[in-house]
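S.K.: In terms of the UniProt record's numbering, the sequence shown has 215 at position 215, counting the first letter as 1, and numbering is strictly consecutive. Note that CB positions come from ideal geometry on N, CA and C, so glycine has one too. Please read these numbers as outputs of a predicted model, since none were measured by experiment. Below are the structure tokens for one structure; questions will follow.
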Amino acid sequence: MGRLEGKIAVITGANSGIGLAAAKRFAAEGAHVYITGRRQEELEQAAAELGPDVTAVQGDVTKAADLDHLFETVRTRHGRIDILFSNAGTGALEPLGQITEAGFDQTFGLNVRGTVFTVQKALPLMQEGGSIILTGSTTGVMGTPAFSIYSATKAAVRNLARSWALDLKGTGIRVNVLSPGATRTPGLQNVADAAGAATMYEALLAQTPAGRIAEPEDVAAVALFLASDDSRVMTGSEIFADGGMAQV
Ligand code: NAP
Numbered sequence: 001m002g003r004l005e006g007k008i009a010v011i012t013g014a015n016s017g018i019g020l021a022a023a024k025r026f027a028a029e030g031a032h033v034y035i036t037g038r039r040q041e042e043l044e045q046a047a048a049e050l051g052p053d054v055t056a057v058q059g060d061v062t063k064a065a066d067l068d069h070l071f072e073t074v075r076t077r078h079g080r081i082d083i084l085f086s087n088a089g090t091g092a093l094e095p096l097g098q099i100t101e102a103g104f105d106q107t108f109g110l111n112v113r114g115t116v117f118t119v120q121k122a123l124p125l126m127q128e129g130g131s132i133i134l135t136g137s138t139t140g141v142m143g144t145p146a147f148s149i150y151s152a153t154k155a156a157v158r159n160l161a162r163s164w165a166l167d168l169k170g171t172g173i174r175v176n177v178l179s180p181g182a183t184r185t186p187g188l189q190n191v192a193d194a195a196g197a198a199t200m201y202e203a204l205l206a207q208t209p210a211g212r213i214a215e216p217e218d219v220a221a222v223a224l225f226l227a228s229d230d231s232r233v234m235t236g237s238e239i240f241a242d243g244g245m246a247q248v
């Protein structure tokens with residue numbers, strides 16, 4: 001029997017990277033998984049790869065109407081959510097002096113505003129035993145050159161979980177933050193392309209005691225722990241899946 005047998009999971013940003021790996025793992029452990037993303041073609045490819053235990057709902061988590069459509073679909077088909085993994089996120093390199101209003105709005109709009117309304121709109125479908133996972137980052141507790149705005153969004157996400165754990169007191173719903181370090185995904189590759197890939201991967205490796213860049217499946221394994229009842233005593237916490245990067 002799988003560790004998520006019979007559970008209903010929603011993962012935002014699951015046509016790529018960490019979200020896709022988590023969707024695969026959750027489905028393999030017995031959950032029915034709703035996956036989202038803006039790019040329809042990638043979403044369809046992911047759904048085809050993942051098989052019958054997955055429902056793909058195209059949408060942008062920064063748009064209220066898309067979130068309403070997503071959760072209305074879940075409500076109609078399954079009536080509840082047991083696991084919400086708010087994973088969609090983005091970041092771009094903008095050193096102080098070159099921070100743009102558009103970049104700021106896009107990063108805060110997705111990583112913070114998107115997270116807030118994803119969780120708030122999902123909440124009516126959640127009940128006792130529910131697990132909410134927010135995606136933080138090692139950058140939320142570190143300084144990272146040219147990455148201040150992204151890093152600030154992840155610090156904000158981490159703090160949302162502290163207050164939401166209190167807001168959720170008495171509901172039996174828990175909320176925790178999963179903070180990856182450098183993880184080999186198309187998202188990281190985009191940042192690396194802008195920074196000069198070889199130099200960036202070298203620098204990340206040098207900073208990581210584990211001596212390797214994580215694979216999305218490594219992070220998905222930690223997401224599984226937070227999604228499952230094995231982490232039932234945890235709320236308001238942050239777990240780092242970072243090869244030790246932010247721990248030393
Ligand atoms: P990725 O490969 O770029 O995947 C990002 C996912 O989010 C895609 O499925 C993308 O699909 C979706 N997405 C982006 N904007 C969206 C929007 N407005 N609405 C809905 N979905 C949206 O990135 P990843 O590396 O797996 O990142 C996943 C999470 O981990 C992010 O929160 C990121 O900040 C965090 N993280 C990553 C690393 C790392 O090294 N990779 C480290 C720390 C934290 P569409 O483009 O089709 O919308």
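Please say whether I83 and V74 have beta carbons closer to each other than 8 Å?
M.R.: Here the question's residue 74 lines up with position 74 in the sequence shown. Here the question's residue 83 lines up with position 83 in the sequence shown. No, the pair does not count as a contact, with Cβ atoms beyond the cut-off.
S.K.: If you reduce the DSSP assignment to three classes, tell me which class L84 lands in.
M.R.: Translated into positions along the sequence shown, residue 84 becomes position 84. Strand, per DSSP.
S.K.: Considering only their Cβ atoms, is the gap separating V54 from T36 smaller than 8 Å?
M.R.: Taking the sequence shown and counting its residues from 1, one reaches residue 36 at position 36. Taking the sequence shown and counting its residues from 1, one reaches residue 54 at position 54. Contact flag unset, no.
S.K.: Out of A221, Q207, R232, which has the shortest C-alpha to C-alpha gap to A27?
M.R.: Here the question's residue 27 lines up with position 27 in the sequence shown. Per the Cα distances, A221.
S.K.: At what residue ranges does the segment 157–242 contain a whole run of the alpha helix (DSSP H), taking only runs of 4 or more?
M.R.: Counting whole runs of 4 or more residues, the segment 157–242 contains the alpha helix (DSSP H) stretches 186–195, 197–206, 216–227.
S.K.: What residues in its chain sit with their C-beta under 7 Å from that of A122, if we drop five residues either side in the sequence?
M.R.: In the sequence shown, the residue the question calls residue 122 occupies position 122. Cβ within range, chain order: V10, F71, I81, L84.
S.K.: Just to confirm the assignment, what range does the beta strand (DSSP E) spanning V54 have?
M.R.: Counting from one through the sequence shown, the residue named residue 54 turns up at place 54. Looking at the DSSP string, the run of the beta strand (DSSP E) that includes V54 is 54–58.
S.K.: Rank G129, E42, V191, S148 by C-alpha distance to the C-alpha of K7 and give the top, closest one.
M.R.: Walking along the sequence shown from the start, residue 7 turns up at place 7. When each option's Cα is compared against that of K7, the closest is G129.
S.K.: Return the CA-CA distance between R184 and N87, expressed in angstroms with no decimal places.
M.R.: For the purposes of this step, residue 184 is taken as the residue at position 184 of the sequence shown. For the purposes of this step, residue 87 is taken as the residue at position 87 of the sequence shown. Taking the straight line from one Cα to the other gives about 15 Å.
S.K.: Can we count S151 as close to the ligand NAP, meaning its CB is less than 7 Å from some heavy atom?
M.R.: Within the sequence shown, numbered from 1, the residue matching residue 151 stands at position 151. No, the ligand NAP has no heavy atom inside 7 Å of this Cβ.
S.K.: Please confirm whether E94 and A155 have their CB atoms less than 8 Å apart.
M.R.: Numbered from its first residue, the sequence shown carries residue 94 at position 94. Numbered from its first residue, the sequence shown carries residue 155 at position 155. Not in contact: E94 and A155 (Cβ atoms no closer than 8 Å).
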